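Participant: So the sequence lines, in the order shown, correspond to chains U and F.
Residue numbering for the first sequence follows my numbering, beginning at 1 and increasing consecutively.
Residue numbering for the second sequence follows my numbering, beginning at 1 and increasing consecutively.
My structure is below; once you've seen it, I'll send some questions.
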Amino acid sequence: MDFIAILSIFVLACFVGYFVVWAVTPALHTPLMAVTNAISSVIIVGALIAAAAAGIGAGSGVAKALGLLAVVLASINIFGGFAVTARMLAMYKKKERPVAPAASK
Amino acid sequence: MHELTVSPWASLAYLVAGVCFILALRGLSSPASSQRGNRFGIIGMTIAVVTTLVTHVPFVQHLLVSDTGSTIAVRAIDWTTVVEILAAIGVGAAIGLVTARRIAMTAMPQLVAAFHSLVGLAAVLVGIAAYLNPQAFGISDLVIPLIGQPFAVIHPVSRIELGLGVAIGAITFSGSVIAFLKLNGNMGGKPIMLPGRHVINLALLAGILGLIAYFVTDQAPWIFWTIVILSFVIGFLLIVPIGGADMPVVVSMLNSYSGWAAAAMGFTLHNSAMIITGALVGSSGAILSYIMCRAMNRSFISVIAGGFGTSDAGAGSGGSAVDRPWKRGSAEDAAFLMSQAEQVIIVPGYGMAVAQAQHVLREMGDKLKAEGVRVKYAIHPVAGRMPGHMNVLLAEANVPYDDVFELEDINSEFAQTDVAFVIGANDVTNPAAKTDKTSPIYGMPVLDVEKAKTVLFIKRSMGGVGYAGVDNELFYRDNTMMLLADAKKMVEDIVKALD
């Protein structure tokens with residue numbers, strides 16, 4: 001891919017992000033931050049490349065160690081981010097049907 | 001030489017991952033579809049990780065001596081590295097899952113700040129790895145000089161991307177660490193003001209940008225490392241002077257930065273999943289920052305400049321009002337007033353989170369509902385320490401989300417409401433924001449609680465002021481009754497009195 005093709009994806013994705021995020025209900029802004037946190041850890045792709053590149057090129061040994069450390073950090077974020085988002089979202093409940101008020105006495 | 005061009009199938013897979021991430025955010029448009037959205041996010045991440053693992057299998061070369069005596073290189077999968085990578089993922093997964101399960105909902109702002117710092121640090125590490133081993137990332141040409149070792153020359157465009165990536169990552173990291181320390185209470189919420197900090201910050205920023213530009217012409221290590229170090233320093237300096245009440249903006253802003261860091265790395269790696277995600281997260285954080293700034297009627301620049309809540313000018317207008325008369329009520333008074341009401345609107349704020357009063361508050365709401373009172377919750381966008389903080393806490397306490405309303409949806413209802421019950425909120429209810437032009441919070445959209453027939457205001461004591469450092473005129477109004485106690489204790493007493 002050349003630079004312009006990548007830039008096109010980036011610019012269009014910014015617009016998609018703009019419209020999608022404005023559509024997010026304010027009640028879910030905290031889960032939004034948690035899930036964006038998890039997905040921005042897609043940076044793990046770069047970490048995996050560095051970690052897997054042992055033997056390719058000079059300086060690969062240090063790069064591999066840094067890559068592995070970055071894999072750990074990004075994994076914390078991915079698993080932690082999605083899990084905590086799921087935990088939060090499971091708490092959002094609609095009003096219970098009229099059966100509930102009688103039962104809550 | 002290794003073939004470093006990405007296969008079309010891999011590019012396609014990364015694109016699918018990017019689309020999954022868009023759908024993940026799209027799902028958050030309503031609580032009903034949100035859990036499905038989160039699953040899309042998990043699917044997208046799985047696709048991205050698996051694709052990378054499959055296309056970047058680590059290899060080792062063994063030199064074998066054949067029967068004829070010549071040596072041949074045999075490529076074999078480097079299982080040690082495979083195991084190391086899987087172990088790294090496993091360690092991260094264990095830490096992440098345990099943290100996610102154990103964390104208290106009131107500690108969510110700290111957790112998000114901590115997670116941001118990890119993204120930032122990961123981006124820096126990946127950037128350093130790419131600088132040290134550009135061949136593995138396919139961002140360099142190998143130059144074989146007549147004399148000496150062959151060396152990798154990083155493409156000029158990649159140098160800019162790499163420089164920006166590590167700079168934004170480093171700012172995200174050190175900024176988030178400071179935000180975490182402030183939110184977690186390890187560091188005072190009060191802004192710390194350095195003399196001449198604007199000049200220092202601007203000089204640092206110019207220095208970083210200048211070095212990135214210079215990096216294009218010379219890939220010397222000192223330039224790269226200076227960019228990294230200066231960026232760590234500026235991230236620290238940017239967040240240190242920002243006070244506790246501005247944390248919703250800071251957390252959103254760092255969220256945005258973590259996205260831009262991922263996008264910059266995506267440019268370096270020519271990876272569409274990273275670029276799409278980075279753009280999504282970057283714009284998400286930017287929009288949240290904008291919403292928070294608008295909800296405080298402050299410009300982004302003034303938040304970044306920092307120091308809100310310490311100026312002496314603000315306290316002047318309310319300073320003389322300390323001796324004004326006010327009414328004090330008891331838990332029994334509050335219980336009686338609310339049980340007689342037709343509609344009660346509860347206004348929670350950061351104080352509710354600190355007191356962990358959300359569960360007992362919901363209990364109070366249930367008791368009132370059982371007596372036939374309509375109970376609603378009104379949330380100001382900047383209530384709490386991060387966007388949507390109050391909504392999560394109420395959801396945790398099993399308050400149905402259709403009882404919870406945003407400022408613009410409920411503000412007109414206060415005039416027809418019998419009791420407004422303010423718990424742990426202060427500045428967001430201050431009528432001075434509408435009337436007093438000298439007030440530092442003038443122009444900030446506030447909840448019109450004073451229009452309710454009676455305002456019940458829970459506060460620890462009459463001494464303190466809100467984070468903006470202004471006195472609240474609401475305390476001295478005829479229709480206001482102050483309930484002076486710890487928020488949780490007071491609500492517990494009201495619940496008892498309602499029995």
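All residues carry an ideal CB built from backbone N, CA and C; glycine is no exception.
It should be emphasised that the depicted structure is a prediction, and the values quoted were computed from it without experimental measurement.
Taking Cβ-Cβ distances below 9 Å as the criterion, which residues of the segment 73 to 105 of chain F are in contact with chain U?
Facilitator: Of all residues in the segment 73 to 105 of chain F, those with a C-beta nearer than 9 Å to a C-beta of chain U are Asp78, Thr80, Thr81, Val82, Glu84, Ile85, Ala87, Ala88, Ile89, Gly90, Val91, Gly92, Ala93, Ala94, Ile95, Gly96, Leu97, Val98, Thr99, Ala100, Arg101, Ile103, Met105, reading in chain order.
Participant: Taking 9 Å as the threshold (C-beta atoms), are alanine 114 of chain F and isoleucine 168 of chain F in contact?
Facilitator: no
Participant: Along chain U, in chain order, which residues have C-beta atoms closer than 7 Å to that of phenylalanine 21 of chain F?
Facilitator: Ile39
Participant: Ignore the nearest five residues each way along the sequence and tell me which others in valine 233 of chain F's own chain have a CB closer than 7 Å to its CB.
Facilitator: Leu204
Participant: Name the two residues that bound the continuous beta strand (DSSP E) containing proline 348 of chain F.
Facilitator: 343 to 348
Participant: Does the segment 6 to 15 of chain U touch the segment 73 to 92 of chain F, meaning 3 or more C-beta pairs lie closer than 8 Å?
Facilitator: no
Participant: So with CB distances below 7 Å, who are the chain U contacts of glutamate 396 of chain F?
Facilitator: Neighbours of glutamate 396 of chain F on chain U, chain order: Met91.
Participant: Suppose you measure from the CA of arginine 36 of chain F to the CA of alanine 24 of chain F; what does that come to, to the nearest Å?
Facilitator: 8 Å
Participant: Can you tell me where the beta strand (DSSP E) with tyrosine 401 of chain F in it begins and where it stops?
Facilitator: Unbroken run through tyrosine 401 of chain F: none, as it is neither H nor E.
Participant: According to the neighbour-count rule (16 or more other Cβ atoms, all chains shown, within 10 Å of its Cβ), is asparagine 297 of chain F buried or exposed?
Facilitator: exposed
Participant: The alpha helix (DSSP H) that contains methionine 482 of chain F, what's its start and end?
Facilitator: Unbroken run through methionine 482 of chain F is the beta strand (DSSP E), 480 to 484; no alpha helix (DSSP H).
Participant: Given a cut-off of 9 Å on the beta-carbon distance, is the pair leucine 500 of chain F and isoleucine 423 of chain F in contact?
Facilitator: Residue 500 of chain F lies beyond the range of chain F shown here (1 to 499); nothing can be said about it.
Participant: Just to check my reading of the structure: tryptophan 326 of chain F and methionine 105 of chain F have Cβ atoms closer than 8 Å, yes? What is that Cβ distance to the nearest angstrom?
Facilitator: About 33 Å separates the two Cβ atoms, so there is no contact after all.
Participant: Check whether the Cβ of tyrosine 401 of chain F lies closer than 9 Å to any Cβ atom in chain U.
Facilitator: Yes, contact with chain U.
Participant: Counting only beta-carbon separations shorter than 9 Å, does tyrosine 442 of chain F have a partner in chain U?
Facilitator: no
Participant: Hey, does asparagine 479 of chain F have any beta-carbon neighbour from chain C nearer than 9 Å?
Facilitator: No chain C appears in this structure, whose protein chains are U and F.
Participant: For a test of the three-state rule: what should DSSP assign to isoleucine 192 of chain F, helix, strand or coil?
Facilitator: coil
Participant: Contact criterion: CB-CB distance below 9 Å. Does glycine 18 of chain F meet it with respect to chain U?
Facilitator: yes
Participant: Quick check: is the beta carbon of arginine 374 of chain F nearer than 9 Å to any beta carbon in chain U?
Facilitator: So no, arginine 374 of chain F is outside the interface.
Participant: Once the 5 residues before and after methionine 1 of chain F are set aside, which same chain residues still bring their CB inside 6 Å of it?
Facilitator: Because the pLDDT at methionine 1 of chain F is just 36, under 50, the model does not fix this residue reliably, and the value given afterwards should be weighed accordingly. Counting only Cβ-Cβ distances below 6 Å, and skipping sequence neighbours, we find nothing.
Participant: How should glutamate 161 of chain F be labelled, buried or exposed, when 16 other C-beta atoms within 10 angstroms of its C-beta is the threshold for buried?
Facilitator: buried
Participant: What's the C-alpha gap between leucine 66 of chain U and valine 166 of chain F?
Facilitator: 14 Å
Participant: Check each residue of the segment 22 to 39 of chain F: if its Cβ is closer than 8 Å to any Cβ of chain U, include it; give the result in chain order.
Facilitator: Ile22, Ala24, Leu25, Arg26, Leu28, Ser29, Ser30, Pro31, Ala32, Ser34, Gln35, Gly37, Asn38
Participant: Would the beta-carbon of glycine 235 of chain F fall within 9 Å of that of isoleucine 276 of chain F?
Facilitator: no
Participant: In this structure, how does DSSP classify isoleucine 242 of chain F when only helix, strand and coil are distinguished?
Facilitator: coil
Participant: State buried or exposed for threonine 429 of chain F, treating a residue as buried only when at least 16 other CB atoms are found within 10 Å of its CB.
Facilitator: buried
Participant: Can you pull the chain F residues whose beta carbon is under 7 Å from the beta carbon of isoleucine 4 of chain U, in chain order?
Facilitator: Near isoleucine 4 of chain U there are no residues of chain F at all, since even the closest Cβ is about 11 Å away, more than 7 Å.
Participant: Listed in chain order, which residues of the segment 166 to 188 of chain F have Cβ atoms closer than 9 Å to some Cβ of chain U?
Facilitator: Gly169
Participant: So methionine 45 of chain F contacts chain U; which residues on that side make the cut at Cβ distance below 9 Å?
Facilitator: Ala38, Ile39, Ser41, Val42, Ile44, Ile78, Phe82
Participant: Going straight from the alpha carbon of valine 153 of chain F to that of aspartate 141 of chain F, what length do you get?
Facilitator: 5 Å
Participant: Can you tell which of F:Phe457, F:Val303, F:Leu280, F:Ala279 has the C-alpha that lies nearest to the C-alpha of tyrosine 290 of chain F?
Facilitator: F:Val303
Participant: Is it the case that the Cβ atoms of valine 281 of chain F and glycine 17 of chain U are separated by a distance below 9 Å?
Facilitator: yes
Participant: Can you pull the chain U neighbours of valine 143 of chain F, defined as C-beta to C-beta under 8 Å?
Facilitator: By Cβ distance, chain U contributes nothing, its closest Cβ being about 12 Å from valine 143 of chain F, past 8 Å.
Participant: With lysine 376 of chain F as the anchor, note down where its beta strand (DSSP E) starts and where it stops.
Facilitator: 374 to 379
Participant: Can you say whether glutamine 340 of chain F is buried or exposed, counting buried as having 16 or more other CB atoms within 10 angstroms of its CB?
Facilitator: Under this definition glutamine 340 of chain F is an exposed residue.
Participant: Between the C-alpha atoms of proline 191 of chain F and isoleucine 178 of chain F, what's the straight-line distance to the nearest angstrom?
Facilitator: 11 Å
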